[in-house]
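Just so you know, we're using the UniProt record's numbering here: the sequence shown kicks off at 1 and counts up by one. Working notes for the structure below.
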Amino acid sequence: MSVTTLFPDRSPADGGVVTGVYRYAARKGAIEAVDLAAADLGLSVREVRDAVASLVESRLLRVDDSEGRRFVPVDPELAAASLVSSVEREIYQRRELIDQIRERMGAFRSEYAGAGHGSAASAVEYLVGAMEVRGFLKTAGDACRDEVLAMQAGGGDVEDLSQMYLALLARGVAVRIICQHRNRADVSTRMLLKRLTDAGAAVFTVSHVPRSAVVFDRALVVMFGVDGDGEASVARVRNHGIAQFLLDLFNHLWETATPLEGVEVGYANVADDLQQAIAALMAKGYTDEVVARKLGMSVRSCRRHIATLMRDLDATSRFQAGVQAARRYLGAAG
1 MSVTTLFPDR SPADGGVVTG VYRYAARKGA IEAVDLAAAD LGLSVREVRD AVASLVESRL
61 LRVDDSEGRR FVPVDPELAA ASLVSSVERE IYQRRELIDQ IRERMGAFRS EYAGAGHGSA
121 ASAVEYLVGA MEVRGFLKTA GDACRDEVLA MQAGGGDVED LSQMYLALLA RGVAVRIICQ
181 HRNRADVSTR MLLKRLTDAG AAVFTVSHVP RSAVVFDRAL VVMFGVDGDG EASVARVRNH
241 GIAQFLLDLF NHLWETATPL EGVEVGYANV ADDLQQAIAA LMAKGYTDEV VARKLGMSVR
301 SCRRHIATLM RDLDATSRFQ AGVQAARRYL GAAG
């Protein structure tokens, strides 16, 4: 980010002065006196005083004496974290206020709907941007009292939401998570899942999760995605019918899913499930790349499973293996 972006109310020339004053403070270790810094930099006292004020406001300088004459430079990363923290805190507070307003107005919703008004669209709210999404999820997590059910399509979702899950578990909220088999083979994701299971979460895996979604207290549904510009987004839904649909889908997946059981390495406990899913996709004529993408695994791992399947079935082609395997699994299921 450029100085002119960081200090949008200043001209490029002013931005250069601010940068020069910060560089001077970093080199000297501190600005002992504004007039001395002005003399060393060849600037007017007013220019340096204005630059110092801007840097203090941006947390890049801190006052180090009771008379406010000595200024010490601050690590830009720490300054940014301080500024972002205050912005996020304001977002959380505003979200809480919004929820309070919605709760108060909710008392009148049934009266309005009973008179023949209302729209399903009013039950859906879209949020775009990582900061907005994080702020909302914290508010939703803080308001949750009993249970969270999560379907997670990507390994990154586990990492993004793990802190919220741990906070919920610490408060005694039940957390059940369904994620994809591939998370068993990813070391970093596996360690995150172990931390969650150790804290009391129930984690199961399936071959494929169609979309990431979380249901809070069987009422508030959050569906994850990205907008047209690639930014993280969520759809926040307060609709009984949609919530029930997600609950039914979750329960269906849960019944067919495999428990993590200590987070074992690899796919050992889910081999049959994976081969069945691979066979069904092969029988439809999908390429290795498409099969791998649909099952959320690398093409290399997918091809290894296909080779094992073809060898076990003594098949001469991918299609033949897919059809034979699909018939075998269908017969076993029947």
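Each residue gets a CB set at the ideal place from its N, CA and C atoms; glycine is no exception.
Review point. How would you label residue 346, buried or exposed, when you count the other beta carbons within 10 angstroms and need 16 or more for buried?
Key: Residue 346 lies beyond the residue range present for the chain, which begins at 1 and ends at 334; the question has no answer from this structure.
| said: Within 10 Å of its beta-carbon, does Y22 have 16 or more other beta-carbons around it, so buried, or fewer, so exposed? | reply: Here residue 22 corresponds to residue number 22 of the sequence shown, with the count starting at 1. With 16 or more Cβ atoms within 10 Å of its Cβ, Y22 is classed as buried.
Next item on the list: With a cut-off of 8 Å on the beta carbons, I'd call R211 and A277 a contact; round off their distance for me.
Entry: In the sequence shown, counting from the first residue as 1, residue 211 sits at position 211. In the sequence shown, counting from the first residue as 1, residue 277 sits at position 277. Not confirmed; about 17 Å, so no contact.
- In the DSSP assignment, find the unbroken alpha helix (DSSP H) run with I31 in it and report its ends. For the purposes of this step, residue 31 is identified with residue 31 of the sequence shown, where counting begins at 1. Element bounds for I31: n/a, residue is neither H nor E.
#### Entry: Cβ shell of R89 (< 6 Å), same chain only, five flanking positions each side left out
Residue 89 sits at position 89 when you count from the first residue of the sequence shown. For R89, where only same-chain residues beyond five positions count, there are no Cβ hits under 6 Å.
Which residues mark the beginning and the end of the beta strand (DSSP E) in which A235 is found? Sequence index remark: in the sequence shown, residue 235 carries index 235 (1-based). From DSSP, the beta strand (DSSP E) with A235 extends over 232-237.
| What residues in its chain sit with their C-beta under 6 Å from that of S301, if we drop five residues either side in the sequence? | If you number the sequence shown from 1, residue 301 lands on position 301. If we look at S301 and ignore the five residues flanking it on each side, it has no Cβ neighbours.
Exercise. Taking I242 as the reference, which of G230, V214, V299, Q275 has the closest Cα?
Worked result: Numbered from its first residue, the sequence shown carries residue 242 at position 242. Among G230, V214, V299, Q275, the Cα nearest to that of I242 belongs to V214.
- Task: Would you give the residue range spanned by the beta strand (DSSP E) that V45 belongs to?
- Result: Residue mapping note: residue 45 aligns to position 45 of the sequence shown, counting from 1. Per DSSP, V45 belongs to no beta strand (DSSP E); it is in the alpha helix (DSSP H), 45-57.
request  = Note down, in chain order, each residue of its chain lying with its Cβ closer than 7 Å to the Cβ of D288, except the 5 sequence neighbours on either side.
outcome  = Working through the sequence shown from its first residue, we reach residue 288 at position 288. Closer than 7 Å at Cβ, skipping near neighbours: V299, C302, R303, I306.
>> Quick check on the DSSP output: the alpha helix (DSSP H) that includes L60 runs from which residue to which?
In response: As a first step, residue 60 is located in the sequence shown; it is residue number 60 there, counting from the start. Element bounds for L60: n/a, residue is neither H nor E.
Mind reading off the beta-carbon distance from T205 to T258? Whole number of angstroms is fine, and I expect it under 8 Å. In the sequence shown, counting from the first residue as 1, residue 205 sits at position 205. In the sequence shown, counting from the first residue as 1, residue 258 sits at position 258. Going by Cβ atoms, the distance from T205 to T258 rounds to 6 Å, so yes, they are a contact pair.
Item to check | Those residues which DSSP pairs with C179 across a bridge | outcome: For the purposes of this step, residue 179 is identified with residue 179 of the sequence shown, where counting begins at 1. DSSP output for C179 lists Q152, T205 as bridge partner(s).
query: Using 8 Å as the Cβ pair cut-off and three pairs as the minimum, do the segment 168-180 and the segment 190-209 touch?
result: yes
- Query: So, is M191 buried or exposed, given that buried needs 16 or more other C-beta atoms within 10 angstroms?
  - Reply: As a first step, residue 191 is located in the sequence shown; it is residue number 191 there, counting from the start. Exposed, because fewer than 16 other Cβ atoms sit within 10 Å of the Cβ of M191.
| Distance, Cα to Cα, D35 vs V45? | As a position in the sequence shown, residue 35 is number 35, starting the count at 1. As a position in the sequence shown, residue 45 is number 45, starting the count at 1. Straight-line Cα distance between these residues: approximately 6 Å.
* Are L220 and L196 close, meaning C-beta to C-beta below 8 Å? -> Here residue 220 refers to the residue found at position 220 when the sequence shown is read from its first residue. Here residue 196 refers to the residue found at position 196 when the sequence shown is read from its first residue. No, these two residues do not count as a Cβ contact at 8 Å.
Checklist line | Coarse secondary structure for V17, derived from DSSP in three states | finding: Residue 17 sits at position 17 when you count from the first residue of the sequence shown. Three-state result, V17: helix.
Where does A213 fall in DSSP's three states? The residue given as residue 213 occupies position 213 in the sequence shown. Reduced to three states, the DSSP call for A213 is strand.
Is there at least one Cβ from chain B nearer than 8 Å to H240's Cβ? Within the model displayed, chain B is absent; a lone protein chain is all it includes.
Quick check: the Cα distance between L281 and L309, rounded to an integer number of angstroms? Counting from 1 along the sequence shown, the entry for residue 281 is found at position 281. Counting from 1 along the sequence shown, the entry for residue 309 is found at position 309. Between L281 and L309, the C-alpha separation is close to 13 Å.
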